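Below is one structure, written out as structure tokens, with a few remarks after it.
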Amino acid sequence: MTAETPPVPPFRDASLPFAKRVDDLLTRLTLDERIAFLHQFAPAVERLGISAFRTGQEALHGVAWMGPATVFPQAVGLGATWNEELVRRIGRAVSSEARAMRARDDRVGLNLWSPTVNLLRHPLWGRNEEGYSEDPALTSALATAYTRGLRGDHPVHWRTAPLLKHWLAHNNETARDTSSSSVRPRVLHEYDLRAFRDTVRAGAVAGVMPAYNLVNGRPNHVSPYLREQLRAWTDQELLVCSDAGAPSNLVDSEHYFDTHEEATAAALLAGVDSFTDHGTDGSLITARVRGALERGLLTEADIDTAVRRQLAVRFRLGEFDPDLGPYAATGEFDTPAHRALAREAAEAAIVLLKNDGLLPLRPGARVAVVGLLADECMLDWYSGTLIHRSTPLEGLYERFGADRVEFAEGVDRVRLRTSSGRYLAVPAADDVPEAARDAEGALDPALITGRTDLPPLTADAVGTELALTDWGEGVLTLRSPDGRFLSVAGDGFLRASADRPGGWVVQETFRLEPAASRGGGHLLKHLGTGGYVHVAADGVKVAGPDVQKAEVFEPEFTRRGEDAVARAAASADVVLVVAGNDPHINGRETEDRTTLRLPPHQERLLAAARSANPATVLALVSAYPYAVDPTGLPALLWTAHGGQAAGTALARVLAGDVSPAGRLPQTWYAGDDDLPDLLDYDVIGGRQTYLYFEGTPLFPFGHGLSYASFAYTDLQVGRAVDALTVTCTVTNTSAVTAEEVVQLYTRAVAPSVPRPRRELAAHRRILLAPGTPTAVTFDLPLTVLEFWDVSQGRRRLEPGAYELLVGASSEDIRLGATVELDGEPGTYRPVREHGLDAADFDEQRDTAIVDRTKSSGDAVTPVGGGTGELLYRGCDFGPGVTEVVVEVSGEGVVEISLDGSPPARGFPPAQGFPPAQGLPPGGGPAAAEVPVGRAGGPYAYRTLTAAFTAAGVHDVRLGLRGPVRLAHVGFSG
18 MTAETPPVPP
28 FRDASLPFAK
38 RVDDLLTRLT
48 LDERIAFLHQ
58 FAPAVERLGI
68 SAFRTGQEAL
78 HGVAWMGPAT
88 VFPQAVGLGA
98 TWNEELVRRI
108 GRAVSSEARA
118 MRARDDRVGL
128 NLWSPTVNLL
138 RHPLWGRNEE
148 GYSEDPALTS
158 ALATAYTRGL
168 RGDHPVHWRT
178 APLLKHWLAH
188 NNETARDTSS
198 SSVRPRVLHE
208 YDLRAFRDTV
218 RAGAVAGVMP
228 AYNLVNGRPN
238 HVSPYLREQL
248 RAWTDQELLV
258 CSDAGAPSNL
268 VDSEHYFDTH
278 EEATAAALLA
288 GVDSFTDHGT
298 DGSLITARVR
308 GALERGLLTE
318 ADIDTAVRRQ
328 LAVRFRLGEF
338 DPDLGPYAAT
348 GEFDTPAHRA
358 LAREAAEAAI
368 VLLKNDGLLP
378 LRPGARVAVV
388 GLLADECMLD
398 WYSGTLIHRS
408 TPLEGLYERF
418 GADRVEFAEG
428 VDRVRLRTSS
438 GRYLAVPAAD
448 DVPEAARDAE
458 GALDPALITG
468 RTDLPPLTAD
478 AVGTELALTD
488 WGEGVLTLRS
498 PDGRFLSVAG
508 DGFLRASADR
518 PGGWVVQETF
528 RLEPAASRGG
538 GHLLKHLGTG
548 GYVHVAADGV
558 KVAGPDVQKA
568 EVFEPEFTRR
578 GEDAVARAAA
588 SADVVLVVAG
598 NDPHINGRET
608 EDRTTLRLPP
618 HQERLLAAAR
628 SANPATVLAL
638 VSAYPYAVDP
648 TGLPALLWTA
658 HGGQAAGTAL
668 ARVLAGDVSP
678 AGRLPQTWYA
688 GDDDLPDLLD
698 YDVIGGRQTY
708 LYFEGTPLFP
718 FGHGLSYASF
728 AYTDLQVGRA
738 VDALTVTCTV
748 TNTSAVTAEE
758 VVQLYTRAVA
768 PSVPRPRREL
778 AAHRRILLAP
788 GTPTAVTFDL
798 PLTVLEFWDV
808 SQGRRRLEPG
818 AYELLVGASS
828 EDIRLGATVE
838 LDGEPGTYRP
848 VREHGLDAAD
858 FDEQRDTAIV
868 DRTKSSGDAV
878 TPVGGGTGEL
888 LYRGCDFGPG
898 VTEVVVEVSG
908 EGVVEISLDG
918 SPPARGFPPA
928 QGFPPAQGLP
938 PGGGPAAAEV
948 PVGRAGGPYA
958 YRTLTAAFTA
968 AGVHDVRLGL
978 RGPVRLAHVG
988 FSG
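Numbering (my numbering), first residue to last: 18 to 990.
Structure below.
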């Protein structure tokens, strides 16, 4: 007699649909097990044979934080490729490496928290490196390509499960967990939501991560847009994972809720399914969920909804299939194909900004390679560990030969003399191994910030000559002769122990501050701790913020970097100055930049090179744009930090082996004066990005030169019921095979509301042999020409003329045509019937949108409780009204008046009513002032009335004074 094989539980039956399998598994889990699943680190359920699972694996441009992996260019560099097919292949390679790495290390997750689709609205954002573009169409196209590569092509199972970051309108690190982005409806629907929407609708996204900030006064982690927008775009179960620590922020820093039970319940009900909080310890989150259940703030059904979404992702990944799904054994790691792809991507990302004929370099040229980044292959916070490394210097050695290349880094050399006359000294130390990572894949602070088993610095008569680099804002790094950076570990001692600046809090940066209160000299401030360096009997330490305990140093510069640069430049045929940023310093996650300027140290090096040799090429290798003066500079290139093949790629472009075809994914402004306030998210009113900017950029969106030349001819426009077809011919008119990026822009000729100066509608990167004409066709759905009509609360195609512009950048238009479209005529706002929602304004001054309640709705308030103004155009009062009704909270004054100007252009005739004159018929009050007395808190809304007479069509102007919050204005009578 043989024992029967136990039946396969339905949740492990791969022949059943996922939905049935998820439902079956859900019924088998206890309430405690389901609650435990709500934390990022879901524990194993051994009785069911279910393994532990965690959401989250960083993979922005390669698998990050888990050791060696193929490192591709930063996301902004991928944005510069304008090449969806390339980005899709990179996504496939990254997901394949994630599978391969997981096969040997189950800490590697398959729910990838990538890509970042936040728009690069403001170039001073510290995380500029993480986004693709300032344009929503380009961002969405590339994000869709990357997610498709990450997901794989199987109709049912996924290779990895990508998750989009960071929902929503997140573009500042300054006060990022407490600041609110005021996003008017048009900006919300036409700009910020668009990049997420189109990518989610493409069907390769597992979910999203809400951002730390608030939008319109409400934290993103309790945003109604998760339900009203995100989940309405698809029938697929989407997983929403919180950002790290954000659930606790709802109480601790944002003070939006009084208790963590309320906050956790609100986030779960809003749509957050996985809570990333308190590291691997899920006990606090599970206790908060149980507390919310006991208080009646949640039901078991609410918990089941979130767990179901998590399980749906795990089933797609094949976790519960007998063979772990079709992708279980398909991972490839560091293959020749991946290395070639990394080089292809690095080459494709290089943007030639200016060239007066100096490039490509002539064969046999003697090249001086100088600058702080000339021998660097920089990594950022979201990089993996390099397996292969190529710096600009190494790339030029490889391409031109070491005998034709001279190098000068350009650091300053300094000794630091103490008040006793002795000097800071670096003892000899054994080799420091590669930085290790902890069980969660995070950098080990004991290794990245300075090992404690190495001897601390001392002071002696001779001291050590240190390499000093000023990264701007007075932020310094100091490097010992053996190449290690001065760093501070947990014991407070200063050591030369770090291979690179890095870590969540960088411990390798300092500032020399004048010691006026100590009679002269300088104090050495350690920026990671905020303390000052002092010399003790047992070594050199960081003593805390007390300047009276700090050592007074006198820097003695033994060599200046510009002198070395000038010497190298003078003996070369061509000078390559490699400048840019260290991604861990002055502009990174948690830290915005303060200026577009190149740091003064690097400006000095550039000036020295140009003075010594006019044949100077500037290569900017950076995570963001700079404002540099290109006057008199023969050639200028930019590339983001290009990953493991960066140096080889740059050398090949300089040599002419590859014609550059990268294009700027964001506007490069001429100076800081062109920039809006970092926290001004109104791209329309603030005239931001290439869409609305009215100044002259340093280099425009889409700009990039080539070693070839291209002719654009034969523009033709075809029309269908719901689309246009735009075709042109592009011909390579040079002797060089090269790629061109053909860009199609649109513009509404006479819109009734402010519309973009021009807006990217489509693009195509094509390879052209010399003399070869190629027809390029774009299919343009008419929906891309719509705008968000605040008077109707929906998108609308306005009738009228539209320009179709084809060219090589947003400012280099080669061909154009105009089409007349019928569209849907606008209507006046029927304010007598529906009133005005305060946030649906046409124009505003000094106001911000805030939350109407903690769960939904908007209101408007003056910035800082001062005075603000709102304008609503084309308001139809019908035969007349005699009373105004305002829904308000707080205190202050609401002023209502009729603007004397006629309605906005593009509206239909006045439907039998007289044109706006600023005075109503009958001589009644055409303006009203409504005092708002304090009553309750910001959510204690009440309805107040005042006499107000109007008839016909007018523009309505509202003035707000004081900390009043206006939700709605109605009219009656």
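Glycine included, every Cβ here is placed at the ideal spot set by N, Cα and C.
None of these values were measured; they are calculated from a predicted model.
In the DSSP assignment, the alpha helix (DSSP H) including residue i goes from what residue to what residue?
i	result
residue 417	409-417
residue 94	92-98
residue 353	353-365
residue 215	210-218
residue 830	Looking at the DSSP string, residue 830 is not in any alpha helix (DSSP H); the run it does join, the beta strand (DSSP E), is 830-838.
residue 708	706-709
residue 858	Looking at the DSSP string, residue 858 is not in any alpha helix (DSSP H), and its letter there is neither H nor E.
residue 619	617-629
Report, in whole angstroms, the separation of the C-beta atoms of residue i and residue j, which I expect to be a contact under 8 Å.
i	j	result
residue 212	residue 157	5 Å
residue 263	residue 238	5 Å
residue 567	residue 560	7 Å
residue 224	residue 267	Actually they do not touch by this definition, with Cβ atoms about 20 Å apart.
residue 725	residue 755	4 Å
residue 866	residue 857	Not quite, the Cβ-Cβ distance comes to about 10 Å (not below 8 Å), so this is no contact.
residue 209	residue 186	5 Å
For residue i, which option in the options has the closest C-alpha, if you only look at C-alpha atoms?
i	options	result
residue 963	172, 871, 549, 948	948
residue 87	772, 343, 112	112
residue 404	89, 24, 72, 770	89
residue 222	653, 131, 310	131
residue 181	564, 443, 227, 68	227
residue 651	657, 636, 664	636
residue 967	910, 892, 780	892
residue 841	829, 815, 250, 620	815
residue 894	819, 990, 854	990
residue 731	414, 743, 160	743
residue 769	803, 484, 752	803
residue 321	311, 281, 522, 285	285
residue 873	140, 39, 234, 68	234
residue 521	501, 538, 544, 535	544
residue 620	178, 647, 600	647
Output needed for residue i: all residues of its chain with C-beta closer than 7 Å, excluding positions within five of it in sequence on either side, in chain order.
i	result
residue 542	527, 528, 530, 549
residue 6	Residue 6 is absent from the model: the chain starts at 18 and stops at 990.
residue 556	473, 474, 475, 510
Return yes when the Cβ of residue j is within less than 8 Å of the Cβ of residue i, no when it is not.
i	j	result
residue 994	residue 821	Limits of the chain in this structure are 18 at one end and 990 at the other, which puts residue 994 out of reach.
residue 834	residue 905	no
residue 593	residue 382	no
residue 390	residue 638	yes
residue 633	residue 143	no
residue 878	residue 981	yes
residue 151	residue 524	no
residue 793	residue 781	yes
residue 659	residue 318	no
residue 363	residue 663	yes
residue 757	residue 629	no
So, does the CB of residue i fall closer than 8 Å to a CB anywhere in chain E?
i	result
residue 354	The structure shown contains no chain E; it holds only a single protein chain.
Skipping 5 residues on each side, what residues in its chain have a beta carbon closer than 6 Å to that of residue i?
i	result
residue 458	Because the pLDDT at residue 458 is just 33, under 50, the model does not fix this residue reliably, and the point stays unresolved.
residue 244	288
residue 976	886, 912
residue 339	none
residue 108	163, 166, 167
residue 720	681, 826
Could you tell me the boundaries of the beta strand (DSSP E) in which residue i lies?
i	result
residue 515	511-515
residue 182	178-184
Within its chain, find whatever has a CB closer than 8 Å to the CB of residue i; leave out the 5 residues flanking it on each side and keep chain order.
i	result
residue 343	171, 174, 335
residue 326	224, 254, 255, 256, 257, 290
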